[in-house]
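**Student:** Residue numbers (my numbering): 124 to 243.
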Amino acid sequence: MQTECSAGAYEFPASCGRRVVARFDGGRMSSDGGVILVKQADDILGLSRRFAACFRDKRHPGFVEYRVEDLVRQRIMGLALGYEDLNDHDALRHDLIFGLASGRLSGGRANCAALAGKST
């Protein structure tokens with residue numbers, strides 16, 4: 124019996140004003156595509172939002188690049204995909220799939236990455 128391959132495309136809800144499509148025909152790839160499903164589950168359950176509400180953010184608003192909810196969401200997504208160490212986020216902060224799932228494809232300031240690193 125021969126292998127039957129399907130090169131179909133799978134549509135996800137748009138993010139950051141961009142169309143999100145998963146295809147299996149090459150191009151720019153990531154092994155962390157499951158983060159899109161984790162984001163959808165978090166949107167439905169509101170886990171990041173509810174957990175972030177437990178914190179009081181005493182940082183000066185003018186110096187805040189990443190909201191507490193963004194930091195919590197990034198950590199939850201990392202844990203769900205097996206990145207249990209905080210230092211993993213130094214590489215993940217530049218990952219486009221993680222940025223897409225977080226709604227941030229670039230940093231708010233020129234010297235900032237889209238997502239937080241381990242020291243944030």
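No residue lacks a Cβ here, since even glycine has one placed at the ideal position from N, Cα and C. These figures come from a predicted structure and were not determined experimentally.
1. Exposed or buried, which one is Arg142 when buried takes at least 16 other CB atoms within 10 Å?
2. Start and end of the alpha helix (DSSP H) containing Ala164?
3. Using three-state DSSP, classify Arg146 as helix, strand or coil.
4. Check Glu192 in the structure and name its three-state DSSP category.
5. Are the CB atoms of Phe135 and Ile167 nearer to each other than 7 Å?
6. Exposed or buried, what is Phe147 when buried is set at 16 or more other beta-carbons lying within 10 Å of its beta-carbon?
7. Where does Ser171 fall in DSSP's three states?
8. Tell me the rounded alpha-carbon separation between Ser242 and Asp165.
**Tutor:** According to the structure data:
1. Numbered from 1 along the sequence shown, position 19 holds the residue referred to as residue 142. Exposed is the call here.
2. Numbered from its first residue, the sequence shown carries residue 164 at position 41. Start and end: Val158 to Leu168.
3. On the sequence shown, position 23 is the one that residue 146 refers to. Here Arg146 sits in coil by DSSP.
4. Residue mapping note: residue 192 aligns to position 69 of the sequence shown, counting from 1. Helix, per DSSP.
5. Counted from its first residue, the sequence shown places residue 135 at position 12. Counted from its first residue, the sequence shown places residue 167 at position 44. No; because the gap between Cβ atoms is not below 7 Å, this pair is not in contact.
6. Within the sequence shown, the letter at position 24 stands for residue 147. Exposed, since its Cβ has fewer than 16 Cβ neighbours within 10 Å.
7. Taking the sequence shown and counting its residues from 1, one reaches residue 171 at position 48. When DSSP states are grouped into helix, strand and coil, Ser171 belongs to the helix group.
8. The residue labelled residue 242 in the question sits at position 119 within the sequence shown. The residue labelled residue 165 in the question sits at position 42 within the sequence shown. Their Cα atoms are separated by approximately 24 Å.
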